[in-house]
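Just so you know, we're using my numbering here: the sequence shown kicks off at 2 and counts up by one.
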Amino acid sequence: MKPSRIAVLLCIVLTTPLTAQGIALAAARSETEVRWGVLAWHRGMFNDAVLAFEKAIGIDPSNTRALDWLGRALLKSGYVPEALEAWDRLAASGKATPLLADQLQLVRARAGIAPDIPVERTYVVSVSLDGAARGGHAFKRPTAVRPLADGTFFVAAFGSNEVLHYDANNRLLAALRGGPGGLDRPFDVLPATDGTCFVSEYGANRIVRLNARGDRVAEFGANITASGTGASPGAGRASASLLGPQYLAADGRGRIWVTDWGNSRVVAFDLQGAFILAVDGLAGPSGIAVRGGMVYVSEKGAGRIAVFDLSGNPLKTIEKGLLDGTVVPTSPEGLAFAADGKLLVADDGRLLVYDLERETWFKLGDASSAADRVVQVVQAANGEILAADFDGSRIVLLADTASLYTGLWVRVDRVNAVKYPEVFLDVAVETRAGKPVVGLSIDNFVVTEGRFSVGRTELVRRTAAPDVALLVERSPALEKEKAAARRAAEELHRLVTADGRLSAVSAGERAVREAEYGETRLRFVDAA
């Protein structure tokens with residue numbers, strides 16, 4: 002009996018190492034698949050990466066790295082619910098990092114309806130660009146701020162006779178002074194698509210066009226000789242020269258509008274400076290903004306905002322309202338549209354918002370602690386608010402209170418080490434809502450490996466050209482909104498075709514391509 006008991010004991014002892022060895026081999030095979038998946042990811046082959054990570058999990062279900070990377074690959078491939086499911090499994094195991102937990106919450110919020118729900122935001126002073134601060138560029142009495150899509154912005158310095166160009170980090174890029182003759186009380190600046198910009202000179206009663214170096218290449222408005230009679234209300238002053246031009250606006254149809262303070266009117270010119278029309282009889286026209294085929298003009302003397310069509314015909318007037326028991330507006334000046342279509346108004350130093358749909362006034366924020374008298378308020382490309390403080394000679398930046406505490410999402414999409422020791426990182430920086438942060442420089446990044454700085458780094462920007470297809474629903478309900486659809490198509494054509502491609506597809510019983518890439522504006526608008 003003793004030999005048989007020894008055999009059983011030996012059998013038990015010998016099988017234990019074999020099982021441990023099998024587990025180790027499975028983990029190694031799983032990690033090999035993860036490695037192949039990561040390589041496929043960084044080569045942009047996301048579907049192959051998904052297959053590799055799924056295989057790794059099939060070999061070793063406890064491989065948390067494979068589960069993490071699977072979620073990333075699925076998300077990059079557009080499979081958002083599947084990515085969330087993979088990360089939920091990782092979170093349920095208790096092995097999710099705090100970074101992954103935050104990312105899971107962020108992706109789930111973006112996938113829901115929360116980003117589409119309108120929110121009344123409150124802005125607070127974040128930082129100010131002081132024209133009198135030591136170490137910076139001195140400027141006096143700014144009247145206008147003009148944000149650009151790349152995150153930079155222009156400042157018209159009325160008191161120091163210059164137009165300043167700043168980057169998203171508030172560093173001066175250029176100072177435009179108009180060449181040998183200089184500028185005479187520049188009031189507003191309007192960038193053109195060819196790299197030049199239009200500047201209204203309040204003191205010289207004209208509009209000048211400056212090149213990228215700040216030299217004057219054209220001027221107009223000082224001697225209008227057109228025989229037109231202007232548009233209602235008022236007529237007969239179309240031949241008068243500009244007298245104290247203030248704010249500028251473009252209508253997307255190759256025309257520039259300017260508020261002519263001294264002549265109590267607004268005037269429209271083409272891009273070459275030829276007079277087109279004038280709208281007379283306004284009470285102290287100051288700010289101006291154009292959107293959706295309508296021109297909005299603040300009448301400072303009457304405490305209201307007049308609205309016209311692009312032919313100068315009066316449409317309506319935005320009258321005074323009550324805000325916290327106070328009548329607004331009382332003395333509106335600078336106007337600008339926010340990204341969500343609301344009208345931003347600088348009113349006697351106050352920062353106001355007018356909701357065109359609800360016809361209601363709101364308070365944008367309080368800059369009284371950092372500004373003396375705000376004359377214009379605009380929204381920059383990254384969502385912050387820029388306010389021109391005329392009396393304080395500064396530009397005040399206001400940030401949404403929610404953004405001050407939620408932070409950004411910095412995403413490393415790919416690492417390319419083909420030309421090692423040169424390593425390329427494909428990095429995207431987004432807000433919590435998914436909007437890209439633009440205008441960043443190398444000073445905004447710190448690249449480390451193993452908690453140590455990697456040394457010399459360079460920033461190479463890659464701006465993807467937009468490729469947009471407009472999907473038009475051919476239903477009886479949409480036919481009632483045909484005019485609105487055409488206006489939206491016209492605005493889309495203006496925004497996209499400058500450096501991208503645009504087509505139109507109708508969604509009826511069968512999908513039909515109504516407008517091919519490169520179609521003219523009229524053809525594209527008709528397709529809507």
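Backbone N, C-alpha and C fix where the C-beta goes; we use that ideal spot for every residue, glycine too.
Every value quoted in this text rests on a predicted model; they were computed, and no experiment measured them.
Given this structure, state the Cα-to-Cα distance separating residue i from residue j, to the nearest angstrom.
i, j, result
"Val346", "Arg36", "55 angstroms"
"Val259", "Leu40", "56 angstroms"
"Val156", "Leu130", "11 angstroms"
"Thr361", "Ser242", "37 angstroms"
"Arg256", "Tyr124", "33 angstroms"
"Asp195", "Gln247", "23 angstroms"
"Ala92", "Ala102", "7 angstroms"
"Glu320", "Ser78", "50 angstroms"
"Lys436", "Gly182", "42 angstroms"
"Val308", "Leu278", "16 angstroms"
"Val397", "Ser31", "55 angstroms"
"Arg488", "Phe154", "27 angstroms"
"Pro467", "Leu503", "8 angstroms"
"Trp88", "Ala158", "52 angstroms"
"Arg254", "Glu86", "48 angstroms"
"Glu450", "Val411", "16 angstroms"
"Ser84", "Ser94", "The amino acid at residue 84 is misidentified as Ser; the sequence shows Ala. Looking at the two C-alpha atoms, the distance is approximately 16 angstroms."
"Gln106", "Val126", "28 angstroms"
"Val448", "Val298", "48 angstroms"
"Leu496", "Ala193", "13 angstroms"
"Arg44", "Val416", "8 angstroms"
"Thr318", "Leu283", "12 angstroms"
"Asp281", "Asp444", "50 angstroms"
"Ala250", "Ala486", "23 angstroms"
"Ala150", "Val438", "11 angstroms"
"Tyr80", "Ala275", "54 angstroms"
"Ser404", "Val430", "14 angstroms"
"Arg524", "Glu358", "29 angstroms"
Keeping to the same chain, check which residues put their C-beta closer than 8 angstroms to that of residue i; ignore five residues upstream and five downstream.
i, result
"Thr197", "Arg210, Leu211, Asn212, Ala213, Val218"
"Phe446", "Val428, Thr458, Leu460"
"Asp168", "Gly152, Thr153, Leu174, Gly440, Ser442"
"Thr331", "Gly304, Lys321, Asp348, Asp349"
Whose C-alpha, out of the options, is nearest the C-alpha of residue i?
i, options, result
"Ala290", "Ala485, Lys343, Arg135, Ala158", "Lys343"
"Thr33", "Ile60, Ala275, Leu479", "Ile60"
"Thr327", "Asp310, Asn224, Asp348", "Asp348"
"Val267", "Gly304, Pro315, Glu220", "Pro315"
"Leu75", "Pro62, Ser94, Val108", "Val108"
"Glu29", "Thr402, Met46, Arg66, Asn48", "In the sequence on display, residue 29 carries Ala and not Glu. For the residues Thr402, Met46, Arg66, Asn48, the minimum Cα distance to Ala29 belongs to Arg66."
"Leu324", "Asp310, Ala337, Phe363", "Phe363"
"Ala110", "Ala486, Arg172, Ala484, Ala434", "Ala434"
"Leu399", "Leu409, Leu387, Gly408", "Leu387"
"Gly335", "Ala139, Val448, Leu353", "Leu353"
"Gly384", "Gly180, Thr432, Leu191", "Thr432"
"Leu365", "Asp69, Glu163, Ser201, Asp401", "Asp401"
"Arg135", "Arg395, Val513, Val455", "Arg395"
"Leu272", "Gly313, Gly282, Glu220", "Glu220"
"Gly408", "Gly180, Pro82, Gln104", "Gln104"
"Asp367", "Leu472, Arg122, Val455", "Arg122"
"Leu68", "Pro82, Val81, Val51, Tyr80", "Val51"
"Ala512", "Leu472, Glu482, Leu493", "Leu472"
So, using beta-carbon positions, are residue i and residue j closer together than 7 angstroms?
i, j, result
"Gly350", "Val375", "yes"
"Ala57", "Asn64", "yes"
"Ala505", "Glu515", "yes"
"Ala145", "Gln377", "yes"
"Glu491", "Val526", "yes"
"Gly285", "Gly263", "no"
"Gly152", "Arg178", "no"
"Phe338", "Arg305", "no"
"Pro99", "Ala382", "no"
"Gly294", "Leu311", "yes"
"Val1", "Val164", "Any property of residue 1 remains undetermined from this structure, which presents the chain solely from 2 to 529."
"Leu191", "Asn162", "no"
Considering only residues of the same chain and omitting the five flanking positions on each side of residue i, which have a CB-CB separation below 6 angstroms?
i, result
"Glu474", "Ala508"
"Leu97", "It is worth fixing the name first, because residue 97 is Ala in this sequence and not Leu. Around Ala97: Leu91."
"Tyr203", "Arg186, Phe188, Gly245"
"His138", "Leu173"
"Ala269", "Arg256, Trp258, Ile277, Leu278"
Comparing the C-beta of residue i with each C-beta of chain D, is any distance below 7 angstroms?
i, result
"Gly304", "The question asks about chain D, but that chain is absent: this structure has only one protein chain."
Grab me the residues of residue i's own chain with a C-beta within less than 7 angstroms of its C-beta, minus the 5 sequence neighbours each way, in chain order.
i, result
"Asp373", "Asp390, Asp392, Gly393"
"Ala133", "Ala139, Ser394"
"Asp49", "Ala41"
Would you be able to state if there are at least three C-beta pairs under 8 angstroms between the region 421-428 and the region 478-485?
-> When C-beta atoms of the region 478-485 are compared with those of the region 421-428, fewer than three pairs fall below 8 angstroms, so the two segments do not count as touching.
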